[in-house]
Amino acid sequence: MTDLRLVRGARARQRVARHAVDIASLEGLDGLSIGRLAADLGLSKSGVQTLFGTKENLQLAAAECAHREFEQAVVRPARSLPAGSARLRALTEHWISYAQTPLFAGGCFWAANLPAYDSRPGAVRDALLAHREAWLELIAEQLRRAVGADDLAALDVELAAFQLDAVCTAANIAMRLGEDGAARKVRRVVEGFLRGAR
């Protein structure tokens, strides 16, 4: 009996967190409330309160849910390719798909939330920052591997990762505004780095 309650609780928590991601991608994490989520999903407010306790816990659960889904859609599929230039190209393609056909109702979760938390210390900012740092390190690692395999001329990989992330951020905005050609520009920038082959 207790095990079934735990399973139901975990499922309800996941359902609420996933809906919270959609709301936060549209309105930001500050737009979340336990009452709204309960009403949207036909749950009791006290039930949602029991699942998360505080608004901050709800925000953190939404951030982790978004991160898991991003990993599933963008990072994991690229792992089947060799590390280095091939994996960087795959990450680029999966990221383009993520941006063109958004996983979340409002598009990129981090584009919607990082600007609101970049100057606000606390657990939510720390979680969002950790996700961003993991993405930058993943890109940098592929560039390092490409340099190590002589697929790419030596370069400042941290700077290059920053530049590639900046291009993706700009392309995400362009795609959300309906601008044509943003995906093509991302590919051109990535290929510009990779054409620095030895």
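Under our numbering, the first residue of the sequence shown is numbered 585, with each subsequent residue one higher. In this text, a Cβ means the ideal position worked out from N, Cα and C, and glycines have one as well. Fair warning: this is a prediction, and the values are worked out from it, not measured in the lab.
- prompt: To the nearest whole angstrom, what separates the beta carbons of residue 756 and residue 695, a pair I think is in contact under 8 Å?
  reply: Position 172 of the sequence shown, counted from the first residue, corresponds to residue 756. Position 111 of the sequence shown, counted from the first residue, corresponds to residue 695. Confirmed, about 5 Å.
- prompt: Using the C-alpha atoms, what's the distance from residue 735 back to residue 657?
  reply: Residue mapping note: residue 657 aligns to position 73 of the sequence shown, counting from 1. Residue mapping note: residue 735 aligns to position 151 of the sequence shown, counting from 1. When rounded, the distance between both Cα atoms is 26 Å.
field: Three-way DSSP call (helix, strand, coil) for residue 692 in this model
entry: Position 108 of the sequence shown holds residue 692. Of the three classes helix, strand and coil, the one that applies to residue 692 here is coil, per DSSP.
message: Given this structure, state the Cα-to-Cα distance separating residue 655 from residue 629, to the nearest angstrom.
response: Counting from 1 along the sequence shown, the entry for residue 655 is found at position 71. Counting from 1 along the sequence shown, the entry for residue 629 is found at position 45. One C-alpha to the other measures close to 30 Å.
- prompt: Near residue 674, what residues of its chain come up, given a Cβ to Cβ distance below 6 Å and the 5 sequence neighbours on each side ignored?
  reply: On the sequence shown, residue 674 is found 90 positions in, with the first residue counted as 1. So the qualifying residues of the chain are 662, 665.
- prompt: From 620, 659, 698, pick the residue whose C-alpha is nearest to that of residue 681; which is it?
  reply: Your numbering for residue 681 matches position 97 in the sequence shown. Considering only alpha carbons, the answer is 659.
- prompt: Is it true that the CB of residue 635 sits closer than 8 Å to the CB of residue 600?
  reply: Stepping through the sequence shown from its first residue, residue 600 is reached at position 16. Stepping through the sequence shown from its first residue, residue 635 is reached at position 51. Taking 8 Å as the Cβ cut-off, residue 600 and residue 635 qualify as a contacting pair.
task: Only counting runs of 4 or more residues, tell me where the alpha helix (DSSP H) segments fall wholly within the region 685-734, in order along the chain.
output: 693-701, 707-732
task: Identify, in the order they occur along the chain, each residue of the same chain with its Cβ nearer than 8 Å to the Cβ of residue 679, setting aside the five sequence neighbours on each side.
output: As a first step, residue 679 is located in the sequence shown; it is residue number 95 there, counting from the start. Counting only Cβ-Cβ distances below 8 Å, and skipping sequence neighbours, we find 658, 752, 770.
query: How long is the line joining the alpha carbons of residue 672 and residue 711, rounded to whole angstroms?
result: Residue numbering aside, residue 672 sits at position 88 when the sequence shown is read from its first letter. Residue numbering aside, residue 711 sits at position 127 when the sequence shown is read from its first letter. So the two alpha carbons sit approximately 24 Å from each other.
Backbone CA spacing between residue 618 and residue 639 [nearest angstrom]: Numbered from its first residue, the sequence shown carries residue 618 at position 34. Numbered from its first residue, the sequence shown carries residue 639 at position 55. About 7 Å.
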